[in-house]
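**Student:**
Numbering (mature numbering (1 follows the signal peptide of the UniProt record, and there is no 0)), first residue to last: -31 to -1, 1 to 443.
#1: Taking the straight line between their C-alpha atoms, what separation do you get for residue 106 and residue 168?
#2: Applying the criterion that 16 or more other CB atoms from any shown protein chain within 10 Å of the CB defines a buried residue, is residue 417 buried or exposed?
#3: Between residue 90 and residue 131, which are expected to be in contact by the criterion C-beta below 8 Å, what is the C-beta distance as a whole number of angstroms?
#4: Extract the residue ranges of the alpha helix (DSSP H) inside the stretch 297 to 377, only unbroken runs of 4 or more that lie entirely within it.
#5: Beta strand (DSSP E) containing residue 186: first to last residue?
#6: Would you kindly work out how many angstroms separate the C-alpha atoms of residue 428 and residue 111, rounded to a whole number?
#7: Tell me where the alpha helix (DSSP H) around residue 490 begins and ends.
#8: How about residue 207 and residue 194: do their beta carbons lie closer than 9 Å?
#9: Indicate whether residue 29 and residue 115 have their beta-carbon atoms separated by less than 9 Å.
#10: Unbroken alpha helix (DSSP H) runs of length 4 or more, entirely within the stretch 39 to 100: which are they?
#11: Helix, strand or coil for residue 110 per DSSP?
#12: Is residue 37 helix, strand or coil by DSSP?
#13: Hey, out of 101, 216, 137, whose CA is closest to residue 154's CA?
#14: Rounded to whole angstroms, how far is the Cβ of residue 339 from the Cβ of residue 326, which I believe are closer than 8 Å?
#15: Label residue 445 either buried or exposed according to how many other C-beta atoms from any shown protein chain fall within 10 Å of its C-beta, with 16 as the threshold for buried.
#16: Taking all protein chains shown into account, do 16 or more other C-beta atoms lie within 10 angstroms of the C-beta of residue 332, making it buried, or fewer, making it exposed?
#17: Go ahead and label residue 322 buried or exposed: buried means 16 or more other beta carbons lie within 10 angstroms of its beta carbon, across all protein chains shown.
#18: Please classify residue 198 as buried or exposed, where buried requires at least 16 neighbouring CB atoms within 10 angstroms.
#19: Rounded to the nearest angstrom, what separates residue 57 and residue 409 at their Cα positions?
#20: Whole angstroms are fine: how far does the CA of residue 316 sit from the CA of residue 126?
#21: Apart from the five residues on each side of it in sequence, which residues of its chain come closer than 8 Å, Cβ to Cβ, to residue 120?
#22: For the beta strand (DSSP E) containing residue 146, list its first residue and its last residue.
#23: Do residue 265 and residue 218 have their C-beta atoms within less than 9 Å of each other?
#24: Which value, in whole angstroms, describes the spacing of the CA atoms of residue 230 and residue 355?
#25: Look up residue 117 in the DSSP assignment and say whether it is helix, strand or coil.
#26: Could you say which of 342, 346, 145, 152 lies nearest to residue 381 if we only look at CA atoms?
#27: In the DSSP assignment, find the beta strand (DSSP E) that holds residue 19 and state where it starts and stops.
#28: Give a yes or no on whether the C-beta atoms belonging to residue 53 and residue 74 are separated by under 9 Å.
#29: Apart from the five residues on each side of it in sequence, which residues of its chain come closer than 6 Å, Cβ to Cβ, to residue 390?
#30: Taking only runs that begin and end inside the stretch 191 to 224, name each unbroken alpha helix (DSSP H) of 4 or more residues, in chain order.
#31: Near residue 412, which residues of its chain fall below 6 Å by C-beta distance, leaving aside the five closest residues on each side in sequence?
#32: Here's the rule I'm using: 16 or more other beta-carbon atoms within 10 Å means buried, otherwise exposed. How should residue 172 be labelled?
#33: I need the DSSP call for residue -6, collapsed to helix, strand or coil.
#34: Check each candidate in 211, 256, 270 and name the one with the smallest Cα separation from residue 147.
#35: Between the Cα of residue 183 and those of 108, 238, 235, spot the shortest distance and give me the residue it belongs to.
#36: Output the boundary residues of the alpha helix (DSSP H) element that contains residue 128.
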């Protein structure tokens, strides 16, 4: 699915992760590169303090040219100057809860089985922060966590469970902008600012007195769009809200309107995703540019909030340590490459896509497989020649497609994982339907898709009934 870090009509949906490793954080300290001791055996190492800031739906391309010409991001640029930017970084799963479950557990999504925003980790799951605490770190977390099961709206979970049903319903309000306040109004996303204040206060008033190293996590909701109450009682999050203060940080003339193929030429999963997100209607160039401008302004507000461990690593984690990149005596590039695989995996099993989706990125190729690998055609893009991912060349380069699919299967048995997700979705929906009893018809008609559902309720109920009958005959 090109929704796995592919640009839509107005923005890219990309989870952004900022990791700061610092030895001192008190007010007035000068920012500088972090120097770890040599990581060889027998050499002593000083434990470092760790501050992790995670924001939601941040376009990572804004951290490097030409995206960074669009909006002023002084604090991200400061971290770039004294740190490292990963130009080919991808979220493990481009949806709230599954991506955070992967981050907190250190495991791929097919291992956590966090398929959607309702299904995450168990509340008592041992996270990396728990391990750091066990090994002598003082720990604290503020803001958005969203990695355990049972959260998000009923609509969100039902949409994920019913993605195999033969219907197409809009699940979000039409994307829109909303300007609030005046040129002095800074704290638009007040909850994020309050959590940032708490984190900064904790560092100044408590962490500076610790004799132990500390790890601090701050979860921000920005620049995720805001809810859209104008669409009715059950609404999605499709409102881009900012103030003139932040909008002035955006260079309007530098905003580009992304290329977008005709709807008739879209891959079927891309079309399903675009339709359910209410992005297949007519948008003027001004509307698109305005929505992107407001989104970039929300990124600028996120950036402003950034002004503010070496422990044994479990052997079963999916990821790889970044600590060698911080070594005082850096290895040569060839040796560094051997520390990590040459591929990146991302997967998606939630709502807004009617098929389990698996992305494999290696070198210039981006390969995307769906479901069982046969029922939905794959996609292949040459990012060096087609960075906007407009031309699917899977059938043009069958040998590359075959090779990458073979590589993907060696990493994850994706047909088996897809079958497990299908089985899970149907079972969860049946349990939910039975729990509602006679209220089922009323509840399902008034979820986020209510505006479309109420036009032809019998049609959509029949589609679900056919799907459930298929389930009983499996």
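Note that CB positions come from ideal geometry on N, CA and C, so glycine has one too.
**Tutor:** Reading off the structure:
#1: 16 Å
#2: Around the beta carbon of residue 417, 16 or more other beta carbons lie within 10 angstroms, which makes this residue buried.
#3: Not a contact, Cβ separation roughly 24 Å.
#4: 302 to 307
#5: 183 to 188
#6: Whole-angstrom Cα-Cα distance: 45 Å.
#7: This structure gives no information on residue 490, because the portion of the chain shown stretches from -31 to 443.
#8: Yes; because the gap between Cβ atoms is below 9 Å, this pair is in contact.
#9: no
#10: For the stretch 39 to 100, the full-length alpha helix (DSSP H) segments reaching 4 residues or more read 43 to 51, 65 to 74, 78 to 81 along the chain.
#11: strand
#12: helix
#13: Comparing Cα positions, the closest option is 216.
#14: About 6 Å separates the two Cβ atoms, so the contact holds.
#15: For the chain, the structure presents residues -31 to 443; residue 445 sits outside this window and is missing.
#16: exposed
#17: buried
#18: exposed
#19: 45 Å
#20: 18 Å
#21: 66, 86, 87, 89
#22: 145 to 148
#23: yes
#24: 13 Å
#25: strand
#26: If you compare the alpha carbons of 342, 346, 145, 152 with that of residue 381, the shortest gap goes to 342.
#27: 18 to 24
#28: In this structure, residue 74 does not lie closer than 9 Å to residue 53 by Cβ.
#29: These residues qualify, in order along the chain: 84, 318, 325.
#30: You should have 213 to 216.
#31: 405
#32: buried
#33: Model confidence at residue -6 stands at a pLDDT of 30, short of 50, so the residue's coordinates are unreliable; what they give is reported in the following sentence. Coil, per DSSP.
#34: Ranking 211, 256, 270 by Cα distance to residue 147 puts 211 first.
#35: 108
#36: 123 to 130
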